[in-house]
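FYI, the numbering for the sequence shown is 94 to 292, going by this note's numbering. We put the CB at the ideal spot given by N, CA and C, even for glycine.
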Amino acid sequence: MNNLWPLLPWRARKAKKVEEVQVGNSLIEKDLQRFLNVRATAGWQDQKRVEWLPIEDTQRVRDHFIHLRDVFYLWNLKSKPGPGQPPRLMWESGNITGHRPYFFLQPWNEMGYLFEMTQRGWVISRAEKIISLDRFMRQLSAWDHVVLYESGELDGTIRVRSDQWGEDHVSLPLYEDAMLRLFKELFPLESLAKRRIDT
Numbered sequence: 094m095n096n097l098w099p100l101l102p103w104r105a106r107k108a109k110k111v112e113e114v115q116v117g118n119s120l121i122e123k124d125l126q127r128f129l130n131v132r133a134t135a136g137w138q139d140q141k142r143v144e145w146l147p148i149e150d151t152q153r154v155r156d157h158f159i160h161l162r163d164v165f166y167l168w169n170l171k172s173k174p175g176p177g178q179p180p181r182l183m184w185e186s187g188n189i190t191g192h193r194p195y196f197f198l199q200p201w202n203e204m205g206y207l208f209e210m211t212q213r214g215w216v217i218s219r220a221e222k223i224i225s226l227d228r229f230m231r232q233l234s235a236w237d238h239v240v241l242y243e244s245g246e247l248d249g250t251i252r253v254r255s256d257q258w259g260e261d262h263v264s265l266p267l268y269e270d271a272m273l274r275l276f277k278e279l280f281p282l283e284s285l286a287k288r289r290i291d292t
């Protein structure tokens, strides 16, 4: 029995450590539960991935396209180098085949950009206007395809997916701003000849 006495304090210490670990785990669980309770009362919600679907309503697509047309029209109108001088780009707008709206921006004596509404967005092509035939001569491959998206979880929020801007869904105002900045870089006011950039 005397040989067992040195082991007793060690076993007592071991039992005490086990008890401390159990108490520590209990405190951690209480802290976690307290955090979850605060989170619930604060109205937190786990964010889930938003599902974006193409807009099926053609009239809504038309409204957004007309808005984009107006944005470019005002920008071009304000781009006059000086009083009495023409805008930065030649402008034309109307309807193709009687119902599909379009607008056309063209630097002087260079190939322009033709925006045409589609069922779910619009397509942008490099093109030239053949005035004598009253028609556009487009390049074979489109410069950009744009599709408008919406989500049933976020009312009124429109996203754009564009070949030129990658695979992400970006907000429509952000897309409009990016396109205006791009056209300002393509056709700077300093260049009266309107340098040609084919992409």
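- Between the alpha carbons of residue 185 and residue 177 lies a distance of about 19 Å.
- The straight-line gap separating the alpha-carbon atoms of residue 204 and residue 219 is approximately 7 Å.
- CA-CA distance, residue 265 to residue 154, rounds to 12 Å.
- Between residue 144 and the set 157, 262 and 170, the nearest pair of CA atoms involves 262.
- A direct Cα-Cα distance of roughly 27 Å separates residue 179 from residue 216.
- The shortest C-alpha to C-alpha distance from residue 277 to any of 169, 259 and 235 is the one to 169.
- For the pair residue 207 and residue 165, the CB atoms are not nearer than the 8 Å cut-off.
- A distance below 8 Å separates the beta carbons of residue 243 and residue 146.
- DSSP places residue 237 inside the beta strand (DSSP E), whose first and last residues are 237-244.
- For residue 248, the enclosing beta strand (DSSP E) covers residues 247-255.
- Within the same chain, 237 come within 7 Å of residue 257 by CB-CB distance, once the 5 residues on both sides are set aside.
- The continuous stretches of beta strand (DSSP E) do not include residue 159, which lies in the alpha helix (DSSP H) extending over residues 151-170.
- Proximity to residue 190 across 202, 228 and 167 peaks at 228, based on C-alpha coordinates.
- Burial check for residue 200: the Cβ neighbour count within 10 Å reaches 16 or more, so the residue is buried.
- Put simply, the backbone Cα of residue 223 is about 34 Å away from that of residue 260.
- Only residues of its own chain outside the window of five on either side were considered, and among them 161 and 164 have a CB closer than 7 Å to the CB of residue 269, listed in chain order.
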